[in-house]
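Residue numbering for the sequence shown follows my numbering, beginning at 698 and increasing consecutively. Positions of the beta carbon are idealized from the N, C-alpha and C atoms, including for glycine. Note that the coordinates shown come from a computational prediction; the quantities given were computed from them, not determined experimentally.
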Amino acid sequence: MNQNMYDQQKQDDIIDMFNNIAPTYDTANRVMSMGIDVSWRQEACKEAFAILQKQNLNIADVACGTGDMILHWQNESKNAKIHIANIIGIDPSDGMLSIARKKVQNGVFHVAQANNLPLESSSQDIVSIAYGLRNVINRKEALKEFYRVLRPNGVLMILEFMTHKNTGILASLMQFYTKALLPIVGGVISRNFKAYKYLPNSIDNFITRESLEAELQLHNMPIIFSKDYSANISSLIIAQKQDCISATKEQ
Ligand SMILES: C[S@@+](CC[C@H](N)C(=O)[O-])C[C@H]1O[C@@H](n2cnc3c(N)ncnc32)[C@H](O)[C@@H]1O
């Protein structure tokens, strides 16, 4: 098996896994995060709206899963008095999307992967990906796609569980929780222990926030906002597509 075939197989296995756990995904999520993820998501929306300062937004939520982030974009837009013109959810898992379609009234969803988005170039004000980038095997192609579909000055919002090299009591406790307890809790709820063992492994095999920021910079999306939450469990990164015209003028 060559590298491309190996990567394809790995990606297909991840998507199958999400199809498998889709019916219990939301319950497992809320129990495992004890509801804290709601505040991480709300903060992400608020920061992105504050950076953009714009109305009539086009938003694409990539790796949208069961649609939570779309509901948060809609709720927070009301609080911020921002009008969303179009919002679309994209995910390769039919199982996750079938739950999303039930939760988001009149939602628009497409089955697709992050590295091949069914969107026109320079069409989106916000591209978001919440706890999805770790699952994208071809991250480089995905970042190129995010850049392609964003309008100049549009923002990329990433929420993710990053790899941390930090030590200390709190970090050790969190590691114990994610490595030892989460797979059991998630496994019991979903009856799929393998899937919830994948979670801590995928965090371990992912990159640090600093490395991801360097990758975004390389893809012409400099970092505008970046912060770790709740003892570094979750990270928020907001990058902005450089307006090529003003970037040229500045040189
Ligand atoms: C942990 S879930 C996150 C779902 C949702 N964004 C949330 O915040 O709850 C990860 C999602 O990534 C999706 N995914 C896996 N591989 C992907 C890929 N190559 N491109 C886009 N999404 C992918 C899965 O189907 C799954 O729905």
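Open item on the list: Does the beta-carbon of Tyr893, which I'm using as the reference point, lie nearer than 7 angstroms to any heavy atom of ligand 1?
Closed with: Position 196 of the sequence shown, counted from the start, is the residue given in the question as residue 893. No, since every heavy atom of ligand 1 falls outside the 7 angstroms radius drawn around the Cβ of Tyr893.
Task: Proximity to Met871 [Cα-Cα], best of Met729, Met698, Phe715 - done: Walking along the sequence shown from the start, residue 871 turns up at place 174. With distances taken between Cα atoms, Met871 lies closest to Met729.
Open item on the list: Do Gly792 and Arg798 count as a contact pair if the criterion is CB distance below 8 angstroms?
Closed with: Against the sequence shown, residue 798 aligns to sequence position 101. Against the sequence shown, residue 792 aligns to sequence position 95. Not in contact: Arg798 and Gly792 (Cβ atoms no closer than 8 angstroms).
Task: Pro720 to Thr763 span [Cα, whole Å] - done: As a first step, residue 720 is located in the sequence shown; it is residue number 23 there, counting from the start. As a first step, residue 763 is located in the sequence shown; it is residue number 66 there, counting from the start. Between Pro720 and Thr763, the C-alpha separation is close to 9 angstroms.
Task: Beta bridge counterpart(s) of Val759 as assigned by DSSP - done: Position 62 of the sequence shown, counted from the first residue, corresponds to residue 759. Beta-bridge pairing by DSSP links Val759 to Ile787, Ile826.
TODO: Could you tell me the distance, in whole angstroms, from the CA atom of Ser932 to the CA atom of Met702?
DONE: Your numbering for residue 932 matches position 235 in the sequence shown. Your numbering for residue 702 matches position 5 in the sequence shown. The alpha-carbon atoms of Ser932 and Met702 are separated by roughly 31 angstroms.
- [ ] May I ask you to report which of helix, strand or coil DSSP gives Glu842?
- [x] Counting from 1 along the sequence shown, the entry for residue 842 is found at position 145. Assignment of Glu842 by DSSP, reduced to helix, strand and coil, places it in the helix class.
Task: For Arg845, the nearest candidate out of Ile834, Asn832, Ile823, Glu857 (CA to CA) - done: Here residue 845 refers to the residue found at position 148 when the sequence shown is read from its first residue. For Arg845, the closest of Ile834, Asn832, Ile823, Glu857 by C-alpha to C-alpha distance is Ile823.
TODO: Output the distance between the C-alpha atoms of Ile826 and Ile855, rounded to the nearest integer angstrom.
DONE: The residue labelled residue 826 in the question sits at position 129 within the sequence shown. The residue labelled residue 855 in the question sits at position 158 within the sequence shown. As the crow flies, the alpha-carbon of Ile826 is around 5 angstroms from that of Ile855.
- [ ] Rounded to whole angstroms, what's the CA-CA distance from Gln705 to Lys778? Just pull it up for me.
- [x] Position 8 of the sequence shown, counted from the start, is the residue given in the question as residue 705. Position 81 of the sequence shown, counted from the start, is the residue given in the question as residue 778. Gln705 and Lys778: Cα-Cα distance of roughly 42 angstroms.
Task: C-beta contact flag for Ala760 and Asp788 at 8 angstroms - done: Position 63 of the sequence shown, counting from 1, holds the residue named residue 760. Position 91 of the sequence shown, counting from 1, holds the residue named residue 788. Yes, these two residues count as a Cβ contact at 8 angstroms.
Task: Candidates Gly884, Ser927, Pro897, of which the one nearest Asn717 by Cα - done: Within the sequence shown, numbered from 1, the residue matching residue 717 stands at position 20. When only C-alpha atoms are compared, the closest one is Gly884.
- [ ] Assuming Asn850 and Asp940 form a contact by the criterion Cβ under 8 angstroms, report the distance between their Cβ atoms to the nearest whole angstrom.
- [x] Numbered from its first residue, the sequence shown carries residue 850 at position 153. Numbered from its first residue, the sequence shown carries residue 940 at position 243. Contact holds; Cβ gap of about 5 angstroms.
Open item on the list: I need the DSSP call for Ala892, collapsed to helix, strand or coil.
Closed with: As a first step, residue 892 must be located in the sequence shown, where it is residue number 195. Residue state, collapsed to three classes: helix.
Open item on the list: Rounded to whole angstroms, what is the Cα-Cα separation between Asn755 and Asn812?
Closed with: Stepping through the sequence shown from its first residue, residue 755 is reached at position 58. Stepping through the sequence shown from its first residue, residue 812 is reached at position 115. Their Cα atoms are separated by approximately 19 angstroms.
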